Amino acid sequence: MATQLVWTPVDVVTQRLMVANGADARYVNGVDMFRKIVRNDGVRGLYRGFRISILTNAPSNAVWWASYSVAQRLVWGGVGCFLRMKYGDREGDMMMIRPDSKTVMAFQGGRDVTNTEILFIKLILGETSGEGEAEIDRLPIDLLAHIFGLITSFTHLAQVSSVCKKWKLGVKQSLARRKNLSFAGWKMDDDSTARLVGYAYSLKELEISRSRWGCQITDNGLYRMSFAKCISNLTSISLWGLTGITDKGVVQLISRASSLQHLNIGGTFITDESLYAIANSCPQLKSIVLWSCRQVTGNGLLFLVNKCGRLESINVWGTRLPLDCFIGLLTISPALQIKPEGLLLNAGVASMLPVA
Numbered sequence: 008m009a010t011q012l013v014w015t016p017v018d019v020v021t022q023r024l025m026v027a028n029g030a031d032a033r034y035v036n037g038v039d040m041f042r043k044i045v046r047n048d049g050v051r052g053l054y055r056g057f058r059i060s061i062l063t064n065a066p067s068n069a070v071w072w073a074s075y076s077v078a079q080r081l082v083w084g085g086v087g088c089f090l091r092m093k094y095g096d097r098e099g100d101m102m103m104i105r106p107d108s109k110t111v112m113a114f115q116g117g118r119d120v121t122n123t124e125i126l127f128i129k130l131i132l133g134e135t136s137g138e139g140e141a142e143i144d145r146l147p148i149d150l151l152a153h154i155f156g157l158i159t160s161f162t163h164l165a166q167v168s169s170v171c172k173k174w175k176l177g178v179k180q181s182l183a184r185r186k187n188l189s190f191a192g193w194k195m196d197d198d199s200t201a202r203l204v205g206y207a208y209s210l211k212e213l214e215i216s217r218s219r220w221g222c223q224i225t226d227n228g229l230y231r232m233s234f235a236k237c238i239s240n241l242t243s244i245s246l247w248g249l250t251g252i253t254d255k256g257v258v259q260l261i262s263r264a265s266s267l268q269h270l271n272i273g274g275t276f277i278t279d280e281s282l283y284a285i286a287n288s289c290p291q292l293k294s295i296v297l298w299s300c301r302q303v304t305g306n307g308l309l310f311l312v313n314k315c316g317r318l319e320s321i322n323v324w325g326t327r328l329p330l331d332c333f334i335g336l337l338t339i340s341p342a343l344q345i346k347p348e349g350l351l352l353n354a355g356v357a358s359m360l361p362v363a
């Protein structure tokens with residue numbers, strides 16, 4: 008708290024200098040800015056955004072002190088024990104060891120939160136001062152879109168878009184420029200996913216893999232995404248682990264992805280119906296992952312390999328397919344790589360393996 012009381016005024020002055028617009032700036036230097044802030048807004052003007060600074064630094068400080076305690080225990084339990092055994096208990100050992108842990112924790116604490124990160128969070132939450140907002144509003148929409156394109160957090164994007172209409176338009180334009188979009192690690196649902204994909208007109212790679220508990224993507228979400236303008240241009244789609252989807256949603260989405268080259272649909276409950284749709288709609292398909300898709304059969308795979316002449320790789324780990332099926336696949340496409348690589352080797356048919 009005491010640190011923030013000292014550094015928040017410095018932070019405020021730094022931020023205003025950062026957003027100052029060259030020849031149009033109203034301040035000569037930091038000292039001039041400090042004087043004008045106090046004159047116009049009083050001392051209170053130096054503490055704009057103080058609350059969010061506290062909220063931002065509190066977690067890192069908690070981690071810092073916890074890490075410091077752990078590091079000190081490790082140092083005392085390791086190096087300290089060794090020195091005590093070698094030299095005995097001598098005055099000054101504690102002072103010799105403690106700076107080591109403090110140095111390590113100082114680097115860690117300094118890395119956690121920087122002034123740039125604090126500025127970024129304040130801009131997102133709209134807690135900059137009135138003069139700062141006026142300067143930021145001068146930025147053209149294209150530049151705002153470029154800046155927002157650097158944001159990887161969908162939560163931050165949502166907060167940015169709620170600041171004003173101009174920023175909302177900037178977020179939409181930044182999404183429209185994206186070439187790849189990944190929801191890995193995010194708790195997404197049908198509505199938010201379909202809305203974001205709908206904004207991404209230039210999208211080439213889409214990853215909707217379930218990597219977090221509570222991710223609720225269903226056939227309804229895939230149905231809504233299928234009408235997005237980018238779907239026909241997608242070259243890569245990952246639906247790995249989406250247990251809430253069925254053939255109905257997959258067929259609807261894949262039937263419009265005519266440019267698809269790479270598909271990961273492992274960990275789902277699709278059947279041959281999806282494979283038929285993939286074979287008929289994706290002539291450029293090069294690789295497909297059917298990891299643990301235990302409801303697909305040899306007939307579906309044979310149809311897929313026969314129709315997709317450019318197919319180079321297929322992952323069938325965890326499927327319940329007989330050996331004859333794999334032999335049939337290699338008969339149709341001798342260069343096909345069936346993964347995992349040791350699948351056929353363990354079955355005693357190494358001669359049938361394609362040469363990589």
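FYI, our numbering numbers position 189 of the sequence shown as 196, with every residue one higher than the one before it.
Even for Gly, the Cβ is constructed at its ideal location relative to N, Cα and C.
Please read all numbers here as calculations on a predicted model, not as lab measurements.
For this session: Kindly list the residues whose CB is nearer than 8 Å to the CB of LYS186, restricted to its own chain and excluding five residues on each side of it in sequence; keep chain order.
Result: SER209, LEU210, LYS211 and GLU212
Problem set entry | Local Cβ density within 10 Å of ARG145, reported as buried at 16 or more and exposed below that | exposed
For this session: Kindly indicate which three-state DSSP category LYS346 falls into: helix, strand or coil?
Result: In the three-state reduction of the DSSP assignment, LYS346 falls in the strand class, which pools E and B.
For this session: Specify the secondary structure class of GLU212 as computed by DSSP and reduced to three states.
Result: strand
Exercise. Excluding the five sequence neighbours on either side, which residues of its own chain have a C-beta within less than 6 Å of the C-beta of HIS153, listed in chain order?
Worked result: Excluding sequence neighbours, HIS153 sits near nothing in its chain.
For this session: From the DSSP output, read off the bridge partner residues of VAL296.
Result: BP columns for VAL296 point to ASN271 and ASN322.
Problem set entry | Between the CA atoms of CYS171 and GLN291 - distance to the nearest angstrom | The straight-line gap from Cα to Cα measures roughly 43 Å.
Exercise. Using CA coordinates, which residue listed in THR200, PHE155 and CYS300 is at the minimum distance from ARG327?
Worked result: CYS300
For this session: Could I get the ranges of all uninterrupted alpha helix (DSSP H) runs contained in the region 225-284, with 4 residues as the minimum, in chain order?
Result: 226-232 and 254-261
Problem set entry | Residue from LEU330, GLY228, GLN302 and ILE295 whose Cα sits closest to the Cα of LEU318 | ILE295
For this session: Answer with buried or exposed for SER243, where buried requires no fewer than 16 other C-beta atoms within 10 angstroms of its C-beta.
Result: buried
Exercise. Is the CB-CB distance between GLY248 and THR275 below 9 Å?
Worked result: yes
Exercise. In the structure shown, what three-state DSSP assignment does GLN223 receive?
Worked result: strand
For this session: May I have the straight-line CA-CA distance separating VAL111 from TRP174, to the nearest angstrom?
Result: Residue placement at VAL111 is flagged as unreliable, the pLDDT there being 45, under the threshold of 50; a coordinate-derived value is accordingly withheld.
Exercise. From LEU182, SER216 and GLY305, pick the residue whose C-alpha is nearest to that of ARG202; which is it?
Worked result: LEU182 is the residue among LEU182, SER216 and GLY305 whose C-alpha sits nearest the C-alpha of ARG202.
Problem set entry | Own chain partners of THR253 with C-beta closer than 7 Å, once the 5 adjacent residues on each side are dropped | Excluding residues up to 5 positions away in sequence, ASP226 and PHE276 lie with their Cβ nearer than 7 Å to the Cβ of THR253 in the same chain.
For this session: Using three-state DSSP, classify SER169 as helix, strand or coil.
Result: coil
Exercise. Do LEU282 and GLY316 have their CB atoms nearer than 9 Å?
Worked result: no
Problem set entry | Euclidean distance between Cα positions of LEU188 and GLU214 | Distance between the alpha carbons of LEU188 and GLU214 is about 6 Å.
Exercise. Buried or exposed: where does THR338 fall if 16 or more other Cβ atoms within 10 Å of its Cβ makes it buried?
Worked result: exposed
Exercise. Are GLY205 and ARG231 touching if we call contact CB-CB under 9 Å?
Worked result: yes
Exercise. Does the Cβ-Cβ distance between GLY228 and ASP196 come in under 9 Å?
Worked result: Taking 9 Å as the cut-off, the beta carbon of GLY228 is found closer than this to the beta carbon of ASP196.
Problem set entry | C-alpha distance - LEU132 paired with SER233, whole-angstrom precision | Residue placement at LEU132 is flagged as unreliable, the pLDDT there being 44, under the threshold of 50; the coordinate-derived value follows with that caveat. Straight-line Cα distance between these residues: approximately 33 Å.
Problem set entry | Range of the contiguous beta strand (DSSP E) that encloses SER189 | According to the DSSP assignment, SER189 belongs to the beta strand (DSSP E) that extends over 187-189.
Exercise. By how many angstroms is the C-alpha of LEU260 removed from the C-alpha of ILE7?
Worked result: An answer regarding residue 7 cannot be provided, because it is not within the stretch 8 to 363 covered by the chain.
For this session: Measure the beta-carbon distance from LEU309 to GLY335 and round it to whole angstroms, keeping in mind my assumption that it falls under 8 Å.
Result: 6 Å
Exercise. What are the boundary residues of the alpha helix (DSSP H) that ASP196 is part of?
Worked result: That residue, ASP196, is in no alpha helix (DSSP H); it is neither H nor E in DSSP.
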